[in-house]
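Counting in our numbering, the sequence shown runs from 711 upward without gaps.
Below you'll find the structure, written out as structure tokens, and then a few comments.
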Amino acid sequence: MVDASGRDGPAFCDVLGAVTKNGGPSELDVVALLSDRPEEGFARGQVGTVVEGLDKNSALVEFSDDQGRAYAVVPCAYSDLMVLHYAPEAA
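Written out as structure tokens, the structure is:
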């Protein structure tokens, strides 16, 4: 792909992959755990917010109480997370 200056840039699929983290959650997505994590005291369904993508397979997720106070920030594999949706979206 060539940018506006005429220089070669990354391929479109590389740019898209960087934005979507290979189909995983994006930063600030609300997610739920798909399995128990007893070593950290989390149960399946625990809700958190993605705060940073760590690599193509995992992200840092913040877990907060009902008042918005963070009580844990832990790395999670994308495969262990489900993005929650609060409005209808096309499947």
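Heads up, the beta-carbon is just placed ideally off N, CA and C, and yes, glycines get one too.
Computed from a prediction, not measured in an experiment: that's the story for all the values here.
Residues Y788 of the same chain have their beta carbon placed closer than 6 Å to that of G734, with the five preceding and five following residues left out of the count.
The DSSP-derived three-state label of P735 is coil. As the crow flies, the alpha-carbon of D746 is around 14 Å from that of V784. With distances taken between CA atoms, G758 lies nearest to F773 out of F773, G778, M792, A800. When the beta-carbon positions are compared, G763 and E737 come within less than 8 Å of each other.
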